[in-house]
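A.B. asks:
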Amino acid sequence: MIDTRTTVSHLARAATEPADLSDPEGIDPVLIEGLARPVDRLCRLWYGLEVQGLENLPEGPALLVGNHNSGSMFVEAMGVAARAYLAHPEAPWHGLAHDAIIGLPALGRVLHRLGALRASHESADAAFARGRKVVVFPGGNREAYRPFSHRYRVEMGDRRGFVKLALRHGVPIVPMVFVGGHSGFVVLRDGQRLARALRAEKWLRSDTWPLWVGLPFGVFLGPGMHLPLPVKCITSFLPPIDPASFGDPDDPATVERAFQAVQDAMQVEMDRLAAERRKGRWPLRRGRR
Numbered sequence: 000m001i002d003t004r005t006t007v008s009h010l011a012r013a014a015t016e017p018a019d020l021s022d023p024e025g026i027d028p029v030l031i032e033g034l035a036r037p038v039d040r041l042c043r044l045w046y047g048l049e050v051q052g053l054e055n056l057p058e059g060p061a062l063l064v065g066n067h068n069s070g071s072m073f074v075e076a077m078g079v080a081a082r083a084y085l086a087h088p089e090a091p092w093h094g095l096a097h098d099a100i101i102g103l104p105a106l107g108r109v110l111h112r113l114g115a116l117r118a119s120h121e122s123a124d125a126a127f128a129r130g131r132k133v134v135v136f137p138g139g140n141r142e143a144y145r146p147f148s149h150r151y152r153v154e155m156g157d158r159r160g161f162v163k164l165a166l167r168h169g170v171p172i173v174p175m176v177f178v179g180g181h182s183g184f185v186v187l188r189d190g191q192r193l194a195r196a197l198r199a200e201k202w203l204r205s206d207t208w209p210l211w212v213g214l215p216f217g218v219f220l221g222p223g224m225h226l227p228l229p230v231k232c233i234t235s236f237l238p239p240i241d242p243a244s245f246g247d248p249d250d251p252a253t254v255e256r257a258f259q260a261v262q263d264a265m266q267v268e269m270d271r272l273a274a275e276r277r278k279g280r281w282p283l284r285r286g287r288r
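First residue of the sequence shown: 0, per numbering that gives the first Met the number 0; consecutive thereafter.
1) Would you report the Cα separation of D189 and A125, rounded to the nearest angstrom?
2) Under the rule that 16 or more other beta-carbon atoms within 10 Å means buried, what is S182, buried or exposed?
3) Please report whether the beta-carbon of R158 lies at a distance below 8 Å from any beta-carbon of chain D.
4) So, with DSSP's three-state summary, where would you put M155?
5) DSSP three-state call for S235: helix, strand or coil?
6) Return the CA-CA distance between P248 and E89, expressed in angstroms with no decimal places.
7) Going by the CB atoms, is the gap between V173 and L30 shorter than 8 Å?
8) According to DSSP, simplified to helix, strand and coil, what is P174?
9) Using only the alpha-carbon positions, how far apart do L203 and G52 sit?
10) Let's see if you can read the secondary structure: which residues bound the alpha helix (DSSP H) around V109?
11) Near R284, what residues of its chain come up, given a Cβ to Cβ distance below 8 Å and the 5 sequence neighbours on each side ignored?
12) Which word fits R192, buried or exposed, when buried means at least 16 other C-beta atoms lie within 10 angstroms of its C-beta?
13) Using the DSSP secondary-structure output, state which residues sit across from W92 in a beta bridge.
14) Quick check on DSSP: helix, strand or coil for E142?
15) Which runs of the beta strand (DSSP E), 3 residues or longer, sit entirely within the segment 185–217?
16) Give me the Cα-Cα distance between A11 and R150, rounded to the nearest whole angstrom.
This is the structure we're talking about:
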């Protein structure tokens, strides 16, 4: 057990020391150990966070593929990572993070010490070379800011790169389904047309410019962080999928079949969890629908 003083010391050092944000060796095991339980407690209290299927996580390297909830917030995902770490402290994760987040002063360096890497194939290559697990959210900003009415849809669009990455490294894909966090604020429009007009893809790597309602701003236009409502959240890890089992790794048809298998499995699981919500398994207090 890491004491509070040591955790705070490592946190301060992480926030101030320069770091190569693409280097998997930048991970700080002491900081992770010190923060895992507090983050887990926070998410249990705030979200009533449930995590299912941790037994589906294989040993060794794997590509964990999730649907992107909650806009630019990532507390839900950090809670899941903390729970997984407490169950398997010997297997660190590396999440590939958008430049807009990992590039933030202080916060980006802290996230890096906790395992985040600047999103790139080179970062993933380096993590897999060390036998680590890599986490990706292929839907990107478009899925992260999908309208509230689409909160129970998996929308990864045309993003097939994660399948090619898994095939290149010969690692299994573990689908993980997040439900709940996208109810913590309300996206009215994703603003794709406005993003194109602003050329946001060029200077922010964002293909959305959403109109949303959430705390503490009320109505807000554009990507931004919000204070999530204390909605019920649950994450489910599904059994690993071997993308190479769908055919020749060099065949584009193999990539497409593997992609569809992953997305379909995630949507079936999301439908199951959404149905549980509608049946009232989860109480309505905290606005959980």
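Ideal Cβ placement from N, Cα and C applies to all residues, glycine included. None of these values were measured; they are calculated from a predicted model.
C.D. replies: Let me spell this out:
1) Straight-line Cα distance between these residues: approximately 34 Å.
2) When all chains shown are included, S182 counts as buried.
3) Of the protein chains in this structure there is only one, and it is not chain D.
4) Correct three-state label for M155: coil.
5) Correct three-state label for S235: strand.
6) A direct Cα-Cα distance of roughly 30 Å separates P248 from E89.
7) Not a contact, by the Cβ cut-off of 8 Å.
8) Three-state result, P174: strand.
9) Note on geometry: alpha-carbon atoms of L203 and G52 lie some 35 Å from one another.
10) First-last of the alpha helix (DSSP H) with V109: 106–112.
11) Model confidence at R284 stands at a pLDDT of 41, short of 50, so the residue's coordinates are unreliable; what they give is reported in the following sentence. No residues qualify anywhere along the chain.
12) With fewer than 16 Cβ atoms within 10 Å of its Cβ, R192 is classed as exposed.
13) As computed with DSSP, W92 is found in a beta bridge with K132.
14) DSSP places E142 in helix when its eight states are reduced to three.
15) Taking only runs of at least 3 residues, the beta strand (DSSP E) segments lying wholly in the segment 185–217 are 185–188, 210–213.
16) So the alpha carbons of these two residues sit roughly 36 Å apart.
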